[in-house]
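Reviewing the structure listed below.
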Amino acid sequence: MSVSPLGISKEGAPDPRQRPWRRHALLVLGMLGLAVIALLAAALIPSGGSGSKKFSVAALAGHVDTTNHLTRHETTVFGSNIPAKQYGTQVADLEDQGIDTNGQIASDLAPLPPAAFDGPIGAYRSYAEHWATTFQADLPALRAALAGGGRAASERAWATAWSDYLHLGAVYGLLPGTLDAQIDGMPHSLPGDETGEAPPSFSGLHRIEYGLWTGASPRSLVPWAAKLQRDAVRLRQVLPSVQITPLDYATRAHEILEDAQRDLLSGMDVQWSGAGVLGTAAGLTATQEVIGTLTPLLQGRDNTLAEVDALLPQLQAVLNQLRKAHHGTYPSLGQLTPTQHEQLDGTMAETLGALSLVPGTLETASLPVIPKIPSTR
19 MSVSPLGISK
29 EGAPDPRQRP
39 WRRHALLVLG
49 MLGLAVIALL
59 AAALIPSGGS
69 GSKKFSVAAL
79 AGHVDTTNHL
89 TRHETTVFGS
99 NIPAKQYGTQ
109 VADLEDQGID
119 TNGQIASDLA
129 PLPPAAFDGP
139 IGAYRSYAEH
149 WATTFQADLP
159 ALRAALAGGG
169 RAASERAWAT
179 AWSDYLHLGA
189 VYGLLPGTLD
199 AQIDGMPHSL
209 PGDETGEAPP
219 SFSGLHRIEY
229 GLWTGASPRS
239 LVPWAAKLQR
249 DAVRLRQVLP
259 SVQITPLDYA
269 TRAHEILEDA
279 QRDLLSGMDV
289 QWSGAGVLGT
299 AAGLTATQEV
309 IGTLTPLLQG
319 RDNTLAEVDA
329 LLPQLQAVLN
339 QLRKAHHGTY
349 PSLGQLTPTQ
359 HEQLDGTMAE
369 TLGALSLVPG
379 TLETASLPVI
389 PKIPSTR
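First residue of the sequence shown? That's 19 in our numbering, and the numbers climb one at a time after it.
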């Protein structure tokens with residue numbers, strides 16, 4: 019049997035003559051390893067002599083004074099009865115659940131002072147007064163178009179006035195009495211009586227919409243336009259004194275487009291003209307104004323502003339695309355293709371998800387203490 023230089027026979031079996039050398043090498047390596055371990059152990063064992071200054075772990079450790087020099091000794095987590103040794107588990111578990119050590123809902127954001135909203139609300143009030151003035155200026159043209167008898171011209175004038183009114187956005191529900199309903203209210207039921215006419219209490223922009231898109235003579239709608247002009251004067255008079263609380267204003271950032279999704283994109287409040295896209299575009303402008311005024315308060319508070327700033331332009335881009343695809347005018351809901359409707363609805367839903375974070379980010383008071391349910395035992 020021949021052997022290769024590596025000690026392997028040509029048949030593949032190890033050469034027995036090489037095994038003693040391997041055993042000797044392993045023995046030497048083992049002895050060297052034991053020697054190293056012994057040297058390390060000797061270095062760590064403290065010297066028996068009291069005056070020894072040899073290096074060792076024990077020699078380096080000085081005397082520790084365990085006396086508590088404070089006036090009291092804390093054994094629990096501050097503000098609770100949880101033992102300090104359990105902080106890493108019990109308190110951490112509570113934080114993960116979003117509650118504090120007293121079982122109450124907790125927030126990591128300090129409440130904002132109500133006065134911090136004075137600037138944003140004042141800026142929005144000026145914005146709203148501008149659009150109220152614009153709306154009032156639209157109405158003579160609407161009345162003239164109706165008096166002229168042209169349906170197409172009257173419909174265009176109506177769309178301009180209605181869109182401009184919706185730009186007010188955040189003041190809805192805050193106007194005195196029934197002023198908002200008189201200007202932009204919907205009827206409780208149609209038809210109003212056996213003649214098929216609208217109820218007598220039904221007036222304003224939607225009363226004119228109803229007439230124009232159901233075949234009524236435009237001239238027959240002139241009295242409603244005249245009443246609308248009087249209501250617009252009243253609107254400008256009361257708007258400067260409308261009270262908007264911080265809570266109202268913070269929630270408007272979400273509610274304006276939420277209402278547009280429910281009432282306009284569904285067609286519920288534009289069942290005759292189908293102008294839900296136009297109304298949504300006006301609501302988006304109002305929402306952008308609200309967020310713009312609130313930006314200084316939102317900065318540095320969670321990631322809310324970043325999310326809102328990312329999604330509002332996306333919704334604006336979708337509306338711009340729809341307007342471009344329909345020759346510069348917003349299409350009616352009936353003119354949208356299924357794909358366009360899905361894209362608009364999907365982007366709106368995403369945007370509302372971001373806007374829903376705004377009210378909670380701008381709380382002006384700590385979360386209320388929820389009373390515990392008394393035990394029945």
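A virtual CB, placed ideally from N, CA and C, is assigned to each residue, including glycine.
These figures come from a predicted structure and were not determined experimentally.
Report task. Counting only the same chain and skipping the five closest in sequence on each side, list residues whose C-beta sits under 7 Å from that of Ala299. Result -> As a position in the sequence shown, residue 299 is number 281, starting the count at 1. Here the set comprises Leu337, Tyr348.
Query raised in the report: Run through DSSP, which three-state label would Leu354 get?
Result: As a position in the sequence shown, residue 354 is number 336, starting the count at 1. In this structure, Leu354 counts as coil in the three-state DSSP scheme.
Query raised in the report: Quick one: what's got a C-beta closer than 8 Å to Leu184's C-beta in the same chain, skipping five residues either side?
Result: Taking the first residue of the sequence shown as position 1, residue 184 is located at position 166. If we look at Leu184 and ignore the five residues flanking it on each side, its Cβ neighbours are Asp202, Gly297, Ala300, Gly301, Ala304.
Requested in this report: Keeping to the same chain, check which residues put their C-beta closer than 6 Å to that of Leu362; ignore five residues upstream and five downstream.
Outcome: Reading the sequence shown from its first residue, position 344 is the one you call residue 362. Excluding sequence neighbours, Leu362 sits near Val336.
Query raised in the report: Would Leu197 pass as a contact of Val256 if the rule is Cβ separation under 9 Å?
Result: On the sequence shown, residue 197 is found 179 positions in, with the first residue counted as 1. On the sequence shown, residue 256 is found 238 positions in, with the first residue counted as 1. Yes, they are a contact pair.
Query raised in the report: If you compare alpha carbons, which of Gln279, Val308, Gln306, Ala150 is closest to Val295?
Result: For the purposes of this step, residue 295 is taken as the residue at position 277 of the sequence shown. Nearest C-alpha to Val295 among Gln279, Val308, Gln306, Ala150: Gln279.
Query raised in the report: Run through DSSP, which three-state label would Asp320 get?
Result: Indexing the sequence shown from 1 puts residue 320 at position 302. Asp320 falls in the coil class under three-state DSSP.
Query - Runs of alpha helix (DSSP H) wholly within the stretch 192-246 (minimum 4 residues, chain order) - result: 197-202, 223-231
Requested in this report: Compare the beta carbon distance of Glu276 and Leu370 with 9 Å and say whether it is the shorter of the two.
Outcome: On the sequence shown, residue 276 is found 258 positions in, with the first residue counted as 1. On the sequence shown, residue 370 is found 352 positions in, with the first residue counted as 1. Cβ atoms of Glu276 and Leu370: closer than 9 Å.
Query raised in the report: Considering Asp156, what are the terminal residues of the alpha helix (DSSP H) in which it resides?
Result: Numbered from its first residue, the sequence shown carries residue 156 at position 138. Per DSSP, Asp156 belongs to the alpha helix (DSSP H) from 136-166.
**Report entry** Option in Gly378, Ala328, Ala177 with minimal Cα separation from Trp290
**Finding:** The residue given as residue 290 occupies position 272 in the sequence shown. Closest option to Trp290, Cα to Cα, is Ala177.
Query - Same chain, Cβ closer than 8 Å to Leu265, five either side skipped, listed in chain order - result: Within the sequence shown, numbered from 1, the residue matching residue 265 stands at position 247. Cβ neighbours of Leu265 beyond the five flanking positions: Pro377, Thr382.
**Report entry** Whole-number beta carbon distance between Arg254 and Gln154, since they are thought to touch under 8 Å
**Finding:** For the purposes of this step, residue 154 is identified with residue 136 of the sequence shown, where counting begins at 1. For the purposes of this step, residue 254 is identified with residue 236 of the sequence shown, where counting begins at 1. Between Arg254 and Gln154 the Cβ distance is about 6 Å, and since that is below 8 Å, they are a contact.
Query - C-alpha distance - Val308 paired with Thr269, whole-angstrom precision - result: Here residue 308 refers to the residue found at position 290 when the sequence shown is read from its first residue. Here residue 269 refers to the residue found at position 251 when the sequence shown is read from its first residue. Inter-residue distance for Val308 and Thr269 is about 10 Å (C-alpha atoms, whole angstroms).
Report task. Look at the alpha carbon of Gly222 and the alpha carbon of Pro129, and state the distance between them as a whole number of angstroms. Result -> For the purposes of this step, residue 222 is taken as the residue at position 204 of the sequence shown. For the purposes of this step, residue 129 is taken as the residue at position 111 of the sequence shown. Cα to Cα, the separation comes out at about 41 Å.
Query raised in the report: Is the beta carbon of Met366 sitting closer than 9 Å to the one on Leu333?
Result: What you label residue 366 is simply residue 348 of the sequence shown in a count that begins at 1. What you label residue 333 is simply residue 315 of the sequence shown in a count that begins at 1. Their beta carbons are under 9 Å apart, which means Met366 touches Leu333 by this criterion.
Query raised in the report: Considering only C-alpha positions, which residue in the set Ala188, Glu227, Gln247 is nearest to Ile139?
Result: Along the sequence shown, one-based indexing puts residue 139 at 121. Of the candidates Ala188, Glu227, Gln247, the one whose C-alpha sits nearest the C-alpha of Ile139 is Ala188.
Query - Short Cβ contact (9 Å threshold) for Ile262 with Leu192 - result: Within the sequence shown, residue 262 is the residue found at index 244, counting from 1. Within the sequence shown, residue 192 is the residue found at index 174, counting from 1. Yes, these two residues count as a Cβ contact at 9 Å.
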